[in-house]
Structure formats: structure tokens, C-alpha cells
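In the numbering used here, the protein residues as written are 1 to 101. Beta carbons: idealized from backbone N, C-alpha and C, even for Gly. Bear in mind that the values here come from a model prediction, so they are computed numbers and not experimental data.
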């Protein structure tokens, strides 16, 4: 079992080493063919920043108001107020922090 534990990784490493040397070019051979290198700029397709036309803020606010505002009634989980409703646990008289001292 111990021999198998060392033999399998050794065979894998040996196979990988022989596979790498199959198609290697000699770096010192001046006549060796090399793949053509293409230059591609990092700025290809770059569009310069352009200021957008800004609208008057009063006009924009008026358009939002006419459309029903940013929070239209009827959306969301329901009507929520900061005041406790009658019969709710908060309506029984919470007097703030430290009121029990």
C-alpha cells in the first residue's frame, strides 16, 4: 500500500514533465518560428467623459410631484405613523428610558 502511495504521484509528475517537452521551441535558436504578436491598446473603445445636460431642480421636483411623488399612496406594507394606535402595546404609556427608577 505504501509503494502505491508514492508510485501514483511519481507517475503523474513524470507524465506531466514529458508532455511539456513535446512541443517546446528552443529559445536560443534565432531561426525558430514564433507566433505573431498583435498590439491592442488598453484605450481601444474608450469614450471620453461628457457632461450631461442638467435640468433645473425645480422642474425635476415638479415632475416628480405631478407623477404622485417618490412614495405613492397604496404602495408598501400599509399606513405607518409614529404615533401609537389605540389598543396597541405602545399606547399604554411608555415613559422613556429610566422611567422605572
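Measure the alpha-carbon distance for residue i versus residue j and round it to whole angstroms.
i	j	result
residue 66	residue 45	40 Å
residue 56	residue 43	35 Å
residue 14	residue 6	12 Å
residue 10	residue 41	44 Å
residue 28	residue 36	18 Å
residue 49	residue 12	54 Å
residue 47	residue 38	22 Å
Tell me whether residue i sits in a helix, a strand or coil according to DSSP, three-state version.
i	result
residue 38	coil
residue 54	coil
residue 6	helix
residue 11	helix
residue 27	coil
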